[in-house]
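2 protein chains.
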Amino acid sequence: MKLATLRNGQRDGRLVVVSDDARRCIGACPVAPTLLDALERWSGVEPALHDLARTVNAPAALGTMPFDARQCLAPLPRTWQWLDGSAFLNHGHLMERAFKVPPVADFETIPLMYQGAADDFLGPHDDVALPSEADQIDFEGEFGVVLSETPMGVTAEEALQHVRLIVLINDWSLRAFGPREAKSGFGFLQAKPSTAFAPIAVTPDALGPAWQGGRVHLRLQTQRNGEWFGHPHGGEMHFHFGQLIAHAARTRKLSAGTIIGSGTVSNTDVNVGSSCIAERRMVEVLAEGTPHTSFLRFRERVRITALHPEGAEGPFGALDQVVVMALHESPQKSSAVLVR
Amino acid sequence: MKLATLRNGQRDGRLVVVSDDARRCIGACPVAPTLLDALERWSGVEPALHDLARTVNAPAALGTMPFDARQCLAPLPRTWQWLDGSAFLNHGHLMERAFKVPPVADFETIPLMYQGAADDFLGPHDDVALPSEADQIDFEGEFGVVLSETPMGVTAEEALQHVRLIVLINDWSLRAFGPREAKSGFGFLQAKPSTAFAPIAVTPDALGPAWQGGRVHLRLQTQRNGEWFGHPHGGEMHFHFGQLIAHAARTRKLSAGTIIGSGTVSNTDVNVGSSCIAERRMVEVLAEGTPHTSFLRFRERVRITALHPEGAEGPFGALDQVVVMALHESPQKSSAVLVR
């Protein structure tokens, strides 16, 4: 089953069930007005949502409408918790080597994870309004899972049973803030503005063989201004999503609607490219001694999709966004202070 | 005006307006069923809430009921964002000295802030269910502010206009996870289980002279098992709340209902005690070479209130909680791994 959220002037939008071919959709309002509402009552609403999925996939179905990803908000326009891991260890290993960062203890046995802002997600075609190019604007293509309520102390194996939906994410990042925030011990905050989501959230069963062992076995392709940037494979994720969920739930329960991200999809094979500029720059530092790929400027466009093995666009649809200058930047708050 | 949220079997409880003497309250349902709803429509609902405040404060008012803090959830049982600063620099200075931690760059000009879980706050008398005493269970008494929608790039001065309510917080902490999570660069996650709130949220005007310069000028008193632990003064906060909000909003807008915390209230005068065990242990290390105050065990009780200058209990009511063992701890997830 595929779900999406259409713009309707309300903060949480309205839930629709999308056809398998992503050409049509049908309103889910009588079942659940919003996706967050559906997740909070999932076992009660799932059968009725599956009925709608059968309807929207039937030929010449009544009550359906064309599906237009440009009308989509994020599947969850806001939610109660967004936790992002860094489960593709190649990314961290590159950082250690390129910047001679001391390795984190237990790097291969305990996941890294930060908590991000869940109150204001961007839709797949929303402009990305940011205050300053000097903040070193970057994208991060990754996969994520959306959970039902998950108890404290869940094991990694049990945790996978709480995965309700799989999503595709661009975790927009401002690299100029990263080093100081990492060193502060308090983690990323200014370095992580609003996160964006591809239009379609997919149930695990609908991913078929692409959902195996708690990992998304699809390539994640990034294009910058229409040019290929990378297509690393999600199957190389070191910690699977069950392990990330168990890490997150060790000392807290996780509310329905919690989203857990994989971190930047990254492969050891350098020929498949990267899912963020920072990583490509690390590769350049290691190969050539200095980075030469620049961070994003305003008006640049970033497109992220998953790819089926044969190269067709994957089940989540595409993120396709342009970075623009935020209108309300305060002149007092020049970024120059942090960018040295 | 004083607001609180009563238990009603729903996740967000029901909003009540509390009398100035905290003895009576009146349901706000016709105006706004929940506090989050009220915050999202504040300018529309504020006059009607003030009308209810006049009613509940009138002698022999009809439609009111006794106010029982034991029936309270957190004023916001869940919200979209919870960001916690560390604005009492004495706490950080002690840490640097006691543990010879290298000072954070720009410590006195750029606030430290982490993002915590906002999906599952505890009420003032809720048990604090945690998986293991070996996790080094600690409290952190602090003040916080609840915001209306706040634009990206707001200045520190403008930011104070977005403060709708002031709250009293126990930011429960698990110190065993802290050093690794701080070193990882990704910030605190397992170290920060559910945060708890005193029953009453207070508008800035109702704090009177105790709300000055974006700081809460009241002592914060902590008792452990009925014994005095500290009563440092909130006025010694280095960054005021406007500065903390501006820091949080530098690269993101903040949704209505966002809570910003001050971090542990801490004073340079060692005689006023501390608002967390970790700090008292640092003081002991500096004075005696070794800490001797233990972290919390199950069945210990922690009571936190603000104090008026003359010593009476402050306007937020009290947090009074007992730490208990969480029932669903998975045996696979022994804390011993992290506690060395």
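Top line first, the protein sequences correspond to chains A and B.
The end of the first sequence is residue 344 by my numbering, with every number in the run present.
The end of the second sequence is residue 344 by my numbering, with every number in the run present.
Backbone N, C-alpha and C define an ideal beta-carbon position, used for all residues, glycine too.
What's the C-alpha gap between B:Glu-317 and A:Ala-322? 56 Å
Starting from A:Arg-28, follow the beta strand (DSSP E) in both directions and report where the run begins and ends. 28-31
According to DSSP, simplified to helix, strand and coil, what is B:Asp-4? Nothing about residue 4 of chain B can be reported from this structure: the residues present for chain B run from 5 to 344 only.
Would B:Ser-278 and B:Ser-266 be called neighbours here (beta carbons separated by less than 9 Å)? no
Check the Cβ of A:Ala-200 against every Cβ in chain B and list those closer than 8 Å, keeping chain order. For a Cβ distance threshold of 8 Å, nothing in chain B lies close to A:Ala-200: the least Cβ distance comes to about 13 Å.
Give the DSSP-derived three-state secondary structure of B:Met-241 in the structure shown. coil
Proximal residues of chain A, C-beta to C-beta of B:Thr-262 below 8 Å: Asp-123
Which residues DSSP lists as bridging B:Gly-265, in chain order: B:Asp-88, B:Gly-148
Since A:Met-117 meets chain B, which of its residues come closer than 7 Å, beta carbon to beta carbon? Phe-190, Leu-193
Are the beta-carbon atoms belonging to A:Asp-123 and A:Arg-82 less than 9 Å from one another? In contact: A:Asp-123 and A:Arg-82 (Cβ atoms closer than 9 Å).
Give me, in chain order, the residues of the same chain whose beta-carbon lies closer than 6 Å to that of B:Met-329; leave out the 5 immediate sequence neighbours on both sides. Phe-302
Can you tell me which of the three DSSP states B:Gln-140 falls into? coil
Roughly how many angstroms lie between the CA atoms of A:Leu-43 and B:Pro-106, to the nearest whole one? Between A:Leu-43 and B:Pro-106, the C-alpha separation is close to 45 Å.
If you measure beta-carbon to beta-carbon, which residues of the region 133-150 of chain B are closer than 8 Å to chain A? Ala-133, Leu-134, Pro-135, Asp-139
For A:Gly-17, return the contacting residues in chain B, with the cut-off set at a CB-CB distance below 7 Å. Near A:Gly-17 there are no residues of chain B at all, since even the closest Cβ is about 15 Å away, more than 7 Å.
Nearest neighbour of B:Leu-7, chosen from B:Trp-232, B:Ala-205, B:Leu-311 [CA to CA]: B:Ala-205
Would B:Gly-191 pass as a contact of A:Gly-189 if the rule is Cβ separation under 9 Å? Their beta carbons are under 9 Å apart, which means B:Gly-191 touches A:Gly-189 by this criterion.
Do you know offhand how far A:Glu-50's Cα is from B:Trp-86's? 31 Å
Can you tell me which of the three DSSP states A:Pro-335 falls into? Residue confidence is low: A:Pro-335 scores 44 on pLDDT, short of 50, so the model does not pin down where it sits. No coordinate-derived value is stated.
Determine the burial state of A:Ser-298: buried for a count of at least 16 other Cβ atoms within 10 Å of its Cβ, exposed for fewer. Classification of A:Ser-298: exposed, given that the 10 Å Cβ count is below 16.
Any beta-carbon of chain A closer than 9 Å to the one on B:Val-327? no
Return the chain-ordered list of same chain residues with a C-beta closer than 7 Å to the C-beta of B:Gln-227, the five sequence neighbours on each side being excluded. Phe-233, Arg-307
CA nearest to the CA of A:Arg-256, picked from A:Pro-155, A:Asp-55, A:Phe-147, A:Glu-100: A:Pro-155
Could you tell me which residues DSSP pairs with B:Gln-119 in its beta bridges? B:Leu-87
Using a Cβ-Cβ distance cut-off of 9 Å, determine whether A:Leu-39 contacts chain B. no
Sufficient close CB pairs (3 or more, under 8 Å) joining the region 162-182 of chain A to the region 67-74 of chain B: no
Could you check how far apart the C-beta atoms of B:Leu-248 and B:Ser-198 are, in whole angstroms? I think they sit under 8 Å. B:Leu-248 to B:Ser-198, Cβ: 21 Å. No contact.
Got a sec, what are the start and stop residues for the beta strand (DSSP E) A:Val-327 sits in? 323-329
Determine the contact status of B:Ile-141 and B:Val-327, defining contact as a CB-CB distance below 9 Å. yes
If we count the other Cβ atoms within 10 Å of its Cβ and call it buried at 16 or more, is A:Arg-58 buried or exposed? A:Arg-58 sits exposed, since fewer than 16 C-beta atoms from the chains shown fall within 10 Å of its C-beta.
Does DSSP classify B:Gly-277 as helix, strand or coil? strand
Beta-carbon proximity list for B:Ala-202, same chain, < 6 Å, skipping 5 on both sides: Pro-128, Leu-172, Phe-320, Gly-321, Leu-323
Would you mind telling me which residues of chain A sit closer than 9 Å to B:Ser-298, beta carbon to beta carbon, in chain order? None at all; the shortest Cβ gap to chain A is about 19 Å.
Could you pull out every residue in the same chain whose Cβ sits closer than 6 Å to the Cβ of A:His-242, ignoring the five residues on either side in sequence? Ala-91, Leu-93
Comparing C-alpha positions only, which one of A:Cys-280, A:Leu-193, A:Ser-47 sits nearest to A:Leu-98? A:Cys-280
Does chain B have any CB closer than 9 Å to the CB of A:Asp-110? Closer than 9 Å to some Cβ of chain B, the Cβ of A:Asp-110 qualifies, so yes.
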